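Residues in the sequence shown are numbered from 92 upward in steps of one, following the working numbering.
Here a beta-carbon is modelled for each residue, glycine too, at the ideal position from N, C-alpha and C.
Keep in mind the model is a prediction, meaning the values are calculated, not measured.
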Amino acid sequence: MTIKSESSFPFSQACENNKGPILEHLKALLRGCLSVLEVGSGTGQHALHFAQYLPHLTWRTSDVATNLNALSLGIARASLTNLPEPIILDVDQLPWTCGRFDAIFMANSLHIMSKHSAENFFVEVSNHMTADAQLIVYGPFKYNGEFTTLSNASFDEKLRKRSSVSGLRDFEWINALAQRAGLKLRHDYTMPANNQLLVWGMSSQANTL
Ligand SMILES: C[S@@+](CC[C@H](N)C(=O)[O-])C[C@H]1O[C@@H](n2cnc3c(N)ncnc32)[C@H](O)[C@@H]1O
């Protein structure tokens, strides 16, 4: 199955580069999973790729209202039965009205949204996870207050120039928010291009870290 892309469609080169390495982890992580909610789906490129190669599950995309038209266009054109139409989901509009999922996925969004929005995300996320669900977050993080690489430091500077609310988040702060939400870290995978793939499960479930 191939998905056509056209130059008039929103396109992220970063998504093209990282969708393969992320999918390799998702294949194992989402083996027994039937439903995924993606928060901040952006162009929808991740969703198209993952839904195509994970046909056993339904991948529900979402984004803020202002991004929905562009996202909907790409999702509709893909015409995949396991990729239903996107929903509006702004993490700041509490409570979310989207039901529960076996996994929640979010990529490259915690450093774009404000710290307050990141807090709201973790206040609400576990209310939308089934009993043994996973939360999977991809992106660059600081550890012990330090950037992992010089390129992440300059990316952070670029983000902050673009928006005063954006910036790379501290892994320890994010993990503390997750713990407060009843989640326990299961995996911290180092990914290409100085990114991490963080996986949490409900605290009551077995963990590997
Ligand atoms: C850099 S884009 C990442 C898009 C895509 N996940 C990717 O990896 O390319 C950041 C995304 O976060 C979304 N976002 C920002 N604030 C948000 C909020 N308050 N609620 C939900 N999504 C938000 C943006 O609309 C955008 O789609």
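N-terminal and C-terminal residue of the alpha helix (DSSP H) that residue i is part of
i	result
residue 137	136-144
residue 163	159-169
Beta carbon of residue i nearer than 7 Å to that of residue j
i	j	result
residue 154	residue 145	no
residue 127	residue 225	no
residue 199	residue 243	no
residue 156	residue 179	yes
residue 234	residue 288	no
residue 135	residue 113	no
residue 171	residue 194	no
residue 132	residue 149	no
residue 191	residue 221	yes
Range covered by the beta strand (DSSP E) that runs through residue i
i	result
residue 116	No beta strand (DSSP E) holds residue 116; the alpha helix (DSSP H) holding it covers 104-120.
residue 292	286-293
residue 172	Run containing residue 172: none; DSSP gives neither H nor E here.
Given residue i as reference, the closest of the options once Cα atoms are compared
i	options	result
residue 187	269, 212, 275, 125	212
residue 205	218, 294, 250	250
residue 139	260, 232, 103	103
residue 108	129, 137, 120	137
residue 281	231, 174, 149, 273	231
residue 263	252, 117, 236, 255	236
residue 293	203, 252, 219, 283	219
Cross-strand partners of residue i (DSSP beta bridge)
i	result
residue 129	196
residue 281	287
residue 151	128
residue 276	291
Any non-hydrogen atom of ligand 2 closer than 6 Å to residue i Cβ
i	result
residue 222	Ligand 2 is absent from the structure shown, which contains only ligand 1.
### Query
Which ranges would you report for the alpha helix (DSSP H) in the stretch 180-266 if only whole runs of at least 4 residues count?
206-215, 241-253
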